[in-house]
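Okay, structure first, notes after.
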C-alpha cells in the first residue's frame, strides 16, 4: 500500500504510530490534505555507540517522523522509556539521552533524572536495571542529582553553545554579572580598534547569518580573544561569559580534550552558572 509523509504523525502514549497515513484511495488522500495537520517539525532519533577505543563511532538513524508542537513532556518521557526498553531487547543498554533544550524536553530530562521534579506514579529510579552512583560523602551538600539513575540526560552541546552565542546577540535580553554588562559591543570594539592578528575575529564571526553556526562560538571564545580582552576596560563580565562558553566546548565537544581536563571544564561550567 502507498504510505504518505508530510502529515503530523499521531502519537500513541508518546510513540509515533507507524505507517498511519497509508492508503490506495485518492479520495482518502484528499480528505487527509483537507483535514489533517501538516507536520511543521521533524523529529529525528539518532543512536551513537560508546567505544573503548580513542576513535569515535559514527551515529546512525534510529527513526524520523513529522510532528507538530502538540505534544508534552510526558509524551517525550514515554518515548524515551519505550526506546530504552526496545533497545534492551536487542541487548543494547542506553546510558544517556541528548536533545536541544526545548522546555518540554528539559522537563522530561528533569523528570527522568528526578532533578527537582518527580513522577509519583512511575518509580523510575527503583527499577532493577537502574545505575547506582557512588559519590564521595563530602559531595552531599552541593551535588543534587539522585544517586540511582535509569539514564542520564544532557543538552546537545552544539545547540547549547549556539544558544549562548545567540543570547549574546539578543537585542531584547540584557545580561549582567555583578555590576558588569555582558555586551557584544565590546567584541565589535575589539575588532574596530585592534589588529585582526591579535584576536583573529571579523564581524561575521561575532554576528553570523546562520544562527546555528557553531564555528563562530569557537572563534569568539578562543584563547586569543580572551587574551585580547584582558586589556579592554569593562570587559570582565563578557570574559566570564566567554570562558563559560569555552569550558562547555572543551568539556563536551572538543575531541582532543583529555579526560581530566574534560572533568575540570565541565565542573567549571557548572559552578560559574551556580555562582552567577
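Residue numbers (this note's numbering): -15 to 260.
Even for Gly, the Cβ is constructed at its ideal location relative to N, Cα and C.
Local Cβ density within 10 Å of residue i, reported as buried at 16 or more and exposed below that
i           : result
residue 87  : exposed
residue 60  : buried
residue 265 : Residue 265 lies beyond the residue range present for the chain, which begins at -15 and ends at 260; the question has no answer from this structure.
residue 149 : buried
residue 192 : buried
residue 68  : buried
residue 43  : exposed
residue 72  : exposed
residue 205 : buried
residue 12  : exposed
residue 153 : exposed
residue 70  : exposed
residue 157 : exposed
residue 89  : buried
Residue from the options whose Cα sits closest to the Cα of residue i
i           : options            : result
residue -3  : 98, 32, 58, 14     : 58
residue -1  : 244, 64, -10       : 64
residue 92  : 173, 136, 19       : 136
residue 62  : 103, 227, 3        : 103
residue 199 : 80, 158, 56, 229   : 229
residue 113 : 95, 132, 101       : 132
residue 79  : 192, 90, 134       : 134
residue 142 : 32, 29, 195        : 195
residue 163 : 100, 19, 219, 122  : 219
residue 111 : -10, 96, 119       : 96
residue 172 : 158, 180, 159, 187 : 187
residue 81  : 119, 32, 98, 18    : 32
residue 128 : 139, -10, 258      : 258
residue 278 : 10, 77, 37         : The shown model of the chain, from -15 to 260, leaves out residue 278, and the question about it has no answer.
residue 251 : 126, -10, 75, 55   : 126
residue 29  : 254, 66, 11        : 66
residue 151 : 201, 45, 17, 19    : 201
Spatial neighbours of residue i in its chain, beta-carbon cut-off 8 Å, leaving aside the 5 residues before and after
i           : result
residue 212 : 174, 178, 182, 183
residue 6   : -15, -14, -13, -12
residue 289 : Absent from the structure is residue 289, since the part of the chain shown begins at -15 and ends at 260.
residue 243 : none
residue 203 : 184, 185, 189, 209
residue 35  : 41
residue 214 : 223
8 Å contact criterion, which residue i and residue j should meet: CB distance rounded
i           : j           : result
residue 145 : residue 232 : 6 Å
residue 209 : residue 170 : 10 Å between Cβ atoms; not a contact.
residue 84  : residue 139 : 7 Å
Cβ shell of residue i (< 6 Å), same chain only, five flanking positions each side left out
i           : result
residue 49  : -7, 0, 27
residue 222 : 166, 170
Residue(s) in a DSSP beta bridge with residue i
i           : result
residue 80  : 136
residue 164 : 161
residue 30  : 45
residue -9  : 22
residue 0   : -5
residue 6   : -13
residue 115 : 133
residue 50  : 26
Residues near residue i by beta carbon distance below 7 Å, same chain, minus five either side
i           : result
residue 51  : -8, -7, 23, 25, 27
residue 256 : 224, 228
residue 116 : 131, 132
residue 94  : 100, 101
residue 260 : 161
residue 237 : 141, 142
Cβ-heavy atom distance, residue i to the ligand SAH, below 6 Å
i           : result
residue 228 : Ligands are entirely absent from the displayed structure, and the ligand SAH is therefore not among its contents.
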